[in-house]
Amino acid sequence: MEVEMKSAPHNGAAHLNGSPTMNPPMWRGLIESYRKYLPVTESTPVVTLHEGNTPLIHAPRLAQVIAPDAELYLKFDGANPTGSFKDRGMTMAVSKAKEAGATVAICASTGNTSASAAAYCAVAGIRCVVLLPRNQIALGKLAQALIQGATVLAIEGNFDDALRIVRELCDTHPIALLNSLNPYRIDGQKTGAFEVCDFLGAAPDFHAVPVGNAGNITAYWKGYNEYFAEGRIASRPRMLGFQAAGAAPLVLGHGVDHPETIATAIRIGHPARAVEAVQARDESGGLIDSVTDQEILVAQKQAASLAGIFGEPACAAPLAGIAKLSRAGYFVRARQELGRKPVVVSVVTGHGLKDPNTAIAIGGEPIVAPATNEAVLKAMGF
Ligand code: F0G
């Protein structure tokens with residue numbers, strides 16, 4: 209993997225880097241690793257939790273079931289410090305907010321953005337305010353925002369209402385906006401595409417993501433384009449975006465006023481980056497489709513039980529989508545065109561532990577057994 213490992217300290221832990229006890233040296237976070245591609249200068253204060261460098265996991269057993277004609281890889285961004293891909297954007301957005309002298313930052317969120325914003329603001333010493341749709345946030349995400357010291361406002365409305373308020377407040381008050389409307393978020397998140405290419409040694413043929421507010425599909429497409437323009441990759445993937453059927457404005461071609469889905473992370477009816485998402489779809493020759501909640505839950509269980517990757521429900525949307533495309537012969541055709549199995553990367557955007565209630569609801573009940581060897585063997589079916 210080719211990344212820049214600079215020796216100049218920015219995070220105060222430089223004495224650890226390169227020390228004989230750490231071999232290889234600790235990953236320094238994505239700003240230091242991809243500095244040349246990011247709008248930072250030597251004087252930008254780098255606010256990092258050493259995010260990025262998340263594993264790209266080959267998942268042949270899962271592929272065998274959901275898309276046997278594809279080589280499937282999972283980009284496990286649930287392995288980021290706060291458990292979601294938002295940390296990629298947040299290290300940039302909070303570093304730039306700190307550079308600009310912000311003392312208060314705000315975001316609307318379906319949960320992960322708020323957890324990430326709270327964490328990075330805690331590091332930076334910036335006050336963090338998060339607006340969440342009341343009763344629609346997965347338990348773990350709410351716990352994160354609260355314990356990390358954010359001012360948490362449960363709004364009696366949905367994400368789109370919360371984002372409208374946040375935008376208006378940032379227009380009229382000196383408050384830093386941490387939603388993906390902030391271009392620095394996109395720059396941070398595009399590093400996910402760099403990592404995929406650096407790990408694979410090439411671009412994948414297809415890149416699948418869940419789509420909510422449409423920042424991440426925008427960011428990945430930007431990242432692939434930048435590597436392509438530099439000649440670091442010879443081709444770009446087709447972008448495959450998936451929304452939940454009850455919250456699928458980009459599939460319907462119009463906003464949805466009352467979005468509904470079990471995948472609360474992507475329960476969004478008016479995506480802020482709708483235009484860019486459609487552009488990514490069209491420029492890449494990809495598609496944006498929807499999957500039902502039932503398909504999402506099946507795919508979530510499959511990813512956990514066939515690939516060992518426990519993502520939250522939203523991350524299962526692209527996996528359900530890949531299965532749907534596979535059933536329609538999409539990857540068979542790609543395989544014929546390429547003369548090999550197409551490489552498909554699907555981003556697992558958030559950790560399953562964030563939403564334990566949904567997992568327990570689909571995971572089933574434990575078998576209760578007396579504390580004896582015989583009872584355990586019997587329960588095992590021996
Ligand atoms: N996956 C997860 C786990 C998410 O939390 C989100 C968005 C997405 C996918 C969709 O990404 O919005 O860039 O299209 N979560 C936001 C939040 C909205 O507030 O945490 P997107």
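Okay, so the sequence shown: first residue is 209 according to the working numbering, each after it adds one.
Glycine residues also receive a C-beta, built at the ideal position from the N, C-alpha and C atoms.
Would you identify the three-state DSSP class for residue i, choosing helix, strand or coil?
| i | result |
| --- | --- |
| P418 | strand |
| E376 | helix |
| Q451 | strand |
| A483 | It is worth fixing the name first, because residue 483 is Val in this sequence and not Ala. The answer is helix: DSSP assigns V483 an H, G or I state. |
| G558 | strand |
| I575 | coil |
Give a single yes or no on whether residue i has its beta carbon closer than 6 Å to a heavy atom of the ligand F0G.
| i | result |
| --- | --- |
| V474 | The sequence given here places Ile at residue 474; Val does not occur at that position. It does: the Cβ of I474 is within 6 Å (strictly closer) of some heavy atom of the ligand F0G. |
| A422 | yes |
| V486 | no |
| P418 | yes |
| N320 | yes |
| A313 | no |
| A531 | no |
| S492 | no |
| G558 | yes |
| S251 | no |
| A455 | no |
| S554 | no |
| S317 | yes |
| S292 | yes |
| A301 | no |
| A522 | yes |
Distance cutoff 7 Å, beta carbons only. Does residue i sit that close to anything in chain B?
| i | result |
| --- | --- |
| Y281 | Checking the listed chains, one finds no chain B in this structure; it contains a single protein chain. |
Please return the same chain residues whose Cβ sits closer than 6 Å to the Cβ of residue i, not counting the five positions on each side in sequence.
| i | result |
| --- | --- |
| L386 | A301, A313, C315, A325 |
| E468 | G454 |
| Q344 | T472 |
| P289 | L257, E259, D295 |
| V360 | V338, A353, L354 |
| G357 | A330 |
| E279 | K549, V551 |
| W429 | M447, A488 |
| A275 | I530, S534, F539 |
| D563 | A346, E520 |
Can you list, in chain order, the residues of its chain with a C-beta nearer than 7 Å to that of residue i? Leave out the 5 residues immediately preceding and following it.
| i | result |
| --- | --- |
| E364 | R342 |
| C405 | A411, Y435, R440, I441 |
| D395 | L246, P247, M300 |
| H218 | Note on H218: pLDDT 37, under 50, position unreliable in the model; no value is reported. |
| H223 | Confidence at H223 is low in this model, with a pLDDT of 41, below 50, so the placement of that residue should be treated as unreliable; the coordinate-derived value is given next. Nothing meets the Cβ criterion. |
| G463 | P457, G477, H478 |
| D465 | G477 |
Can you give me the Cβ contacts of residue i inside the same chain, cut-off strictly under 8 Å, excluding the 5 residues immediately before and after it?
| i | result |
| --- | --- |
| V584 | A577 |
| T580 | none |
| T557 | D285, G286, S292, F293, N320, V417, P418, N424, A473, G519, E520, A522, C523 |
| A635 | Because the chain in this structure spans residues 209 to 590, residue 635 falls outside the shown range and cannot be described. |
| T380 | none |
Would you check whether the ligand PLP has a heavy atom nearer than 6 Å to the C-beta of residue i?
| i | result |
| --- | --- |
| I383 | The ligand PLP is not among the ligands present in this structure, which contains only the ligand F0G. |
Is it true that the region 344-359 meets the region 304-320, where meeting means three or more beta-carbon pairs spaced less than 8 Å apart?
-> With the cut-off at 8 Å, the region 344-359 and the region 304-320 touch.
With contact counted as at least three CB pairs below 8 Å, one residue from each stretch, are the region 257-268 and the region 278-298 in contact?
-> yes
Counting only runs that start and end within the region 245-272, where is the beta strand (DSSP E) found for 3 or more residues in a row?
-> Listed in chain order, the complete beta strand (DSSP E) runs (minimum 3 residues) inside the region 245-272 are 264-266.
Check whether the region 447-459 touches the region 412-422, counting contact only when three or more Cβ pairs, one atom from each stretch, lie closer than 8 Å.
-> yes
Segments of 4+ residues assigned as alpha helix (DSSP H) that fall wholly inside the region 384-448 | 391-397, 399-408, 423-437
Alpha helix (DSSP H) runs wholly inside the region 273-361, at least 4 long, in chain order | 294-307, 320-332, 347-355
Do the region 237-255 and the region 514-531 touch if we need at least three Cβ pairs shorter than 8 Å?
-> no
Cβ pair count under 8 Å reaching 3, the region 239-249 against the region 473-485 = no
Please list the segments of the alpha helix (DSSP H) lying wholly inside the region 455-532, counting only runs of 4 or more residues, in order along the chain.
-> List check, alpha helix (DSSP H) in window: 457-460, 482-492, 501-515.
Any 3 or more C-beta pairs closer than 8 Å across the region 262-272 and the region 508-516 | yes
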